[in-house]
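Trainee: Please read through the structure below; I'll follow up with questions.
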Amino acid sequence: MSIKVVAIDNSEELLDKITKILKEMKEVELLGSFSDAVTAMQYIKEHPVHLVFSDVVMPEISGITLAAKLYELANPPEVVLLSGIPGFSLEAWKIRAYGFIIKPYKKTQIKKIVDQYIGEYGTGE
């Protein structure tokens with residue numbers, strides 16, 4: 001079995017990049033790629049998800065607000081925030097995000113987070 005993952009980024013180019021990276025990982029089941037946080041949040045409320053990779057700066061609601069709302073769920077996923085602005089790492093720490101990756105990210109950074117998650121929680125079996 002694999003961990004269930006969702007990716008969220010309002011930049012089509014970056015969403016395509018992380019989607020490609022996640023699809024190449026055999027230990028990941030990519031459930032969806034979303035360009036807006038509101039649609040993603042609704043999906044996550046209705047489907048079991050283990051790990052969410054979310055951009056911080058997005059229209060409507062930020063990745064930080066999204067993460068805070070997801071952590072209120074009965075079985076919340078872990079959230080990894082992605083941003084080109086290093087200062088957001090403090091905000092990520094305040095809401096106890098699972099991780100923070102500065103854009104432009106590399107496959108090795110995504111893999112490290114996935115491996116860390118599997119080391120802590122297993123593969124969801």
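Take the sequence shown: its position 115, counted from the start at 1, is 115 in UniProt numbering, and no numbers get skipped.
Note that the Cβ used here is the ideal one computed from N, Cα and C, for glycine as well.
Here the structure is a predicted model, which means the values were calculated and not measured.
With a cut-off of 8 Å, do at least 3 Cβ pairs link the stretch 60-74 to the stretch 32-45?
Mentor: With a cut-off of 8 Å, the stretch 32-45 and the stretch 60-74 count as touching, because enough Cβ pairs lie within range.
Trainee: What three-state label does DSSP hand residue 54 in the structure shown?
Mentor: In this structure, residue 54 counts as strand in the three-state DSSP scheme.
Trainee: For the alpha helix (DSSP H) containing residue 13, name the first residue and the last one.
Mentor: Here the alpha helix (DSSP H) through residue 13 covers 12-23.
Trainee: Quick one: what's got a C-beta closer than 6 Å to residue 9's C-beta in the same chain, skipping five residues either side?
Mentor: 15, 55, listed in sequence order.
Trainee: Would you give the residue range spanned by the alpha helix (DSSP H) that residue 33 belongs to?
Mentor: Here residue 33 belongs to no alpha helix (DSSP H); instead the beta strand (DSSP E) covers 28-34.
Trainee: For residue 8, which residues does DSSP report across the bridge?
Mentor: According to DSSP, residue 8 bridges with 34, 54.
Trainee: Have a look at 11, 39, 51 and flag the residue whose alpha-carbon is nearest the alpha-carbon of residue 3.
Mentor: Nearest option by C-alpha distance: 51.
Trainee: Determine the DSSP secondary structure at residue 122, reduced to helix, strand or coil.
Mentor: Residue state, collapsed to three classes: coil.
Trainee: Quick check on this structure: which residue in 93, 35, 82, 22 has the alpha carbon closest to the alpha carbon of residue 103?
Mentor: When only C-alpha atoms are compared, the closest one is 82.
Trainee: Kindly list the residues whose CB is nearer than 7 Å to the CB of residue 60, restricted to its own chain and excluding five residues on each side of it in sequence; keep chain order.
Mentor: These residues qualify, in order along the chain: 36, 37, 38.
Trainee: Look at residue 113 and residue 99 and say whether their C-beta atoms are less than 8 Å apart.
Mentor: Yes, these two residues count as a Cβ contact at 8 Å.
Trainee: I'd like the list of long-range same chain contacts for residue 75, defined as Cβ closer than 8 Å, with 5 residues on each side in sequence excluded.
Mentor: Excluding residues within five positions, the ones whose Cβ falls inside 8 Å are 48.
Trainee: Looking only at DSSP bridge pairs, what is residue 73 linked to?
Mentor: In DSSP, residue 73 forms no bridge with anything.
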